[in-house]
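Chains as they are written, first to last, in full-length UniProt numbering: chain A, 1 to 346; chain B, 1 to 346. For glycine and all other residues, C-beta sits at the position ideal for the given N, C-alpha and C. Okay, structure first, notes after.
Protein chains: 2
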Amino acid sequence: MKRKKTTPITIKDLAKELNLSPSTISRALADHPKISQATKKLVSERAEQSGFRLNAIASSFRSKKTKSIGIIVPRIDIDFHSRVISGIEDCAYKSGYHVIIFQSKDSYKMEKEIIQNLQNMMVEGMIICLAMETKNFDHLKKLIKTKLPVVFYDRTPETFDTNKITINDFESAFNATEHLIKIGCKNIVHIAGNQSTGIFRARLEGYKAALKSYHLPLRDDHIFVTHSLSYQEGLTCAEKILELNPLPDGVFCANDYTAASMVKVLNKRKINVPEQVAIVGFSDYPIAQIIEPSLTTINDRAVQMGEAAAKMLIQHIQDQDFDIIDHQVITLKTELIVRESSTRKA
Amino acid sequence: MKRKKTTPITIKDLAKELNLSPSTISRALADHPKISQATKKLVSERAEQSGFRLNAIASSFRSKKTKSIGIIVPRIDIDFHSRVISGIEDCAYKSGYHVIIFQSKDSYKMEKEIIQNLQNMMVEGMIICLAMETKNFDHLKKLIKTKLPVVFYDRTPETFDTNKITINDFESAFNATEHLIKIGCKNIVHIAGNQSTGIFRARLEGYKAALKSYHLPLRDDHIFVTHSLSYQEGLTCAEKILELNPLPDGVFCANDYTAASMVKVLNKRKINVPEQVAIVGFSDYPIAQIIEPSLTTINDRAVQMGEAAAKMLIQHIQDQDFDIIDHQVITLKTELIVRESSTRKA
DNA sequence: ACTATTAATGCAAACATTTGCCCAAAAATT
DNA sequence: AATTTTTGGGCAAATGTTTGCATTAATAGT
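This is the structure we're talking about:
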């Protein structure tokens with residue numbers, strides 16, 4: 001049972017059958033204005049019933065348009081990223097683009113390698129969330145110098161200006177912390193993310209700024225920096241926080257996983273959330289509404305971020321007018337979602 | 001400021017510079033045995049420092065190998081699928097393949113359209129999870145008849161045999177239910193998924209079989225069929241379940257979202273889980289360990305499923321010996337993870 | 001009726017790479 | 001020294017589509 005490689009029907013075949021030239025077929029298929037409706041119909045009908053399919057590779061080769069965009073994310077199976085990707089794919093599909101996705105696994109080496117590959121594949125643009133390891137941005141600068149449209153999201157290069165979509169992490173953190181203050185917290189701790197990443201630094205700064213702005217004391221032992229904001233790490237942090245004396249009355253966590261661990265540990269210790277300790281998370285992961293008490297958090301607009309990134313990228317790819325734009329920055333509004341974990345009866 | 005489309009360096013350029021023929025360059029780059037180490041080194045060095053990049057499109061065009069595999073999932077932003085995709089990407093990358101991902105949004109029409117596109121793109125194989133709407137499998141049969149390697153996972157065609165990776169949903173559900181029985185439940189209800197989908201039918205059957213096997217009565221009003229097993233639907237179901245008289249002492253849910261809603265509602269009503277009602281979910285989503293009480297569930301091997309699918313697909317693509325295989329089915333072992341929601345003190 | 005347009009199609013080159021086959025030089029074998 | 005084998009490369013075709021330019025046919029304008 002051999003693999004019968006039935007050679008596919010080409011434009012030439014179609015041309016021969018219909019007594020037309022390949023160019024006409026090509027144009028008819030592309031709905032070119034100079035082809036009559038009659039022939040267009042003829043061609044598309046014959047194409048349909050003969051099972052013809054346009055060889056996209058050959059097409060790309062000749063036209064230099066691959067209709068593909070590359071995406072690099074740290075990992076696909078993180079809620080935030082999978083939602084961003086979903087937004088990107090959605091938007092791209094509607095514009096006739098498809099997405100090629102790679103995971104850097106937060107490795108600098110992988111990131112460089114993938115960018116190379118993507119360039120070889122002649123993607124028309126790239127959407128990137130930086131690997132955590134990435135401290136050196138030379139490869140990105142070089143990439144951008146090739147004039148290939150690139151848009152960053154979430155974790156973006158810090159040493160130079162470029163296209164990016166972010167949320168205002170500083171402000172969001174400020175608002176989250178302010179919210180805790182307004183419900184009466186005076187002794188607020190922060191579970192922070194990896195400080196080598198800009199967004200987590202910004203969240204920490206937002207927390208600090210809010211305290212300062214309300215003249216609350218800033219204490220170093222109220223800041224707990226984690227490596228990756230995992231649920232596990234959150235548990236460890238929570239234990240340490242419980243040793244604090246006096247016990248804090250509010251916790252602002254840089255993501256929902258650590259906030260969830262905080263809730264979990266407090267529940268276990270019979271410390272009432274939100275009455276004794278109020279909690280605010282970040283990102284509005286699915287767990288946020290499921291957990292008991294449900295979690296006050298920041299909607300970080302993952303899907304919209306993906307859509308915005310795709311939209312921006314495609315504009316840069318297609319629209320000549322965008323050539324004069326050196327770089328473009330879009331900051332999405334976030335939203336404080338108040339739930340039980342910070343709603344006090346009083 | 002015009003977009004300076006600096007024409008990339010080609011193999012020909014390299015050939016000219018080094019006084020070699022394009023074929024030699026091509027072969028040197030591909031590490032062809034008939035090229036001397038000396039020239040290979042020469043070529044790769046020159047290529048490196050001149051910033052040469054092999055045009056993958058042209059290469060694919062000529063060689064008919066795109067090194068790409070297409071993935072169709074209902075949606076990317078569902079834990080299960082994002083984990084499967086992660087597994088696929090990982091495995092594919094290691095073998096030099098890249099993945100092109102589309103979301104069918106559970107639409108039959110989209111699914112057909114995407115398959116067409118993917119064929120045009122000349123992917124070397126596809127990994128597909130069927131759209132919920134898909135009842136007619138003609139397009140899939142046609143696809144497979146083209147001899148393009150295809151592997152299905154999770155939701156797979158039911159009317160004909162084909163390559164697939166699944167878990168044993170029936171058995172897993174049986175085990176889950178049996179577990180409830182063994183801890184003393186005698187009155188177990190089931191929150192079921194959409195019955196037009198095979199895996200959810202299988203889970204229901206597994207539930208039934210377990211009851212039968214332990215001579216427990218089977219009651220129609222103990223089966224709650226949902227449309228999409230969403231958290232919201234779960235809440236509605238939970239309310240209905242609470243109206244049952246007598247109150248059930250065990251609930252087996254076809255996924256963790258609905259299990260979570262069940263827990264949530266019972267908590268609210270101060271009905272003790274697991275003492276009064278024990279709960280088992282399915283899939284081991286992140287919430288499963290975070291929720292209070294933590295959730296007994298079935299590890300559905302999402303990542304491994306992705307890896308297995310990619311591995312199988314790539315074998316079929318590369319290995320001649322696989323030509324005589326008509327179809328291949330791999331069923332992964334699942335694992336019952338016992339947590340608090342089904343651990344009774346007694 | 002004759003030219004000027006317009007509409008519809010064809011010609012042929014070009015795209016960058018791979019690959020079957022051929023060839024020359026060098027090495028090995030008589 | 002003559003022949004065979006091996007080694008390292010080159011030639012040129014082929015891949016399927018697109019596109020600038022040329023060409024023909026049809027229509028309109030005078």
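Which class does residue i belong to by DSSP, given the choice of helix, strand or coil?
i, result
"Gln320/B", "helix"
"Cys129/A", "coil"
"Cys185/A", "coil"
"Val84/B", "helix"
"Glu243/B", "coil"
"Thr331/A", "strand"
"Met338/B", "Note that residue 338/B is Val in the sequence shown, not Met. Here Val338/B sits in coil by DSSP."
"Ser68/A", "strand"
"Val263/B", "helix"
"Gly96/B", "coil"
"Ile76/B", "coil"
"Ile314/B", "helix"
"Ile325/B", "coil"
"Thr6/B", "coil"
Give me the Cβ distance between residue i and residue j, rounded to the nearest whole Å; I'm assuming they're in contact under 8 Å.
i, j, result
"Val189/A", "Ile241/A", "6 Å"
"Ile298/A", "Leu332/A", "Wrong, their Cβ atoms sit about 11 Å apart, outside the cutoff."
"Gly125/B", "Leu148/B", "6 Å"
"Asn163/B", "Gln318/B", "Contact doesn't hold; Cβ gap of about 15 Å is too wide."
"Leu143/A", "Val151/A", "Contact doesn't hold; Cβ gap of about 12 Å is too wide."
"Ala288/B", "Ser342/B", "Ala288/B to Ser342/B, Cβ: 12 Å. No contact."
"Ser261/A", "Tyr231/A", "5 Å"
"Ala131/A", "Tyr108/A", "6 Å"
"Val338/A", "Thr296/A", "5 Å"
"Leu20/A", "Ala47/A", "Wrong, their Cβ atoms sit about 12 Å apart, outside the cutoff."
Any beta carbon from chain A within less than 9 Å of residue i's own beta carbon?
i, result
"Glu89/B", "yes"
"Leu229/B", "no"
"Thr66/B", "yes"
"Lys147/B", "yes"
"Arg201/B", "no"
"Phe170/B", "no"
"Leu54/B", "yes"
"Pro286/B", "yes"
"Tyr257/B", "yes"
"Lys264/B", "yes"
"Ile76/B", "yes"
"Asn120/B", "yes"
"Val280/B", "no"
"Ser82/B", "yes"
"Phe102/B", "yes"
"Glu111/B", "no"
For chain B, check one thing: does any of its Cβ atoms lie closer than 9 Å to the Cβ of residue i?
i, result
"Asp79/A", "yes"
"Asn117/A", "yes"
"Tyr108/A", "no"
"His98/A", "yes"
"Thr177/A", "no"
"Asn267/A", "yes"
"Val151/A", "no"
"Tyr207/A", "no"
"Gln289/A", "yes"
"Val303/A", "yes"
"Gln49/A", "no"
Any heavy atom of the ligand ZN within a distance shorter than 8 Å of the CB on residue i?
i, result
"Ile191/B", "Absence of the ligand ZN is noted for the structure shown, with no ligands found whatsoever."
In chain order, each alpha helix (DSSP H) run of at least 4 residues that lies wholly inside the UniProt domain "HTH lacI-type" (9-63) of chain B: 11-18, 22-29, 37-49, 56-63
Contiguous alpha helix (DSSP H) assignments of at least 4 residues, all confined to the stretch 271-304 of chain B: 287-290
Those runs of the beta strand (DSSP E) which lie wholly inside the stretch 145-195 of chain A and span at least 3 residues: 150-153, 164-167, 188-192
Stretch pair the stretch 230-248 of chain A + the stretch 262-280 of chain A: three plus CB contacts closer than 8 Å: yes
At least three beta-carbon pairs within less than 8 Å, the stretch 126-138 of chain B to the stretch 66-73 of chain B: yes
Contiguous beta strand (DSSP E) assignments of at least 3 residues, all confined to the stretch 194-226 of chain A: 223-225
Given 8 Å, three or more beta-carbon pairs between the stretch 166-182 of chain B and the stretch 199-208 of chain B: yes
Three or more C-beta pairs below 8 Å linking the stretch 75-95 of chain B and the stretch 295-312 of chain B: yes
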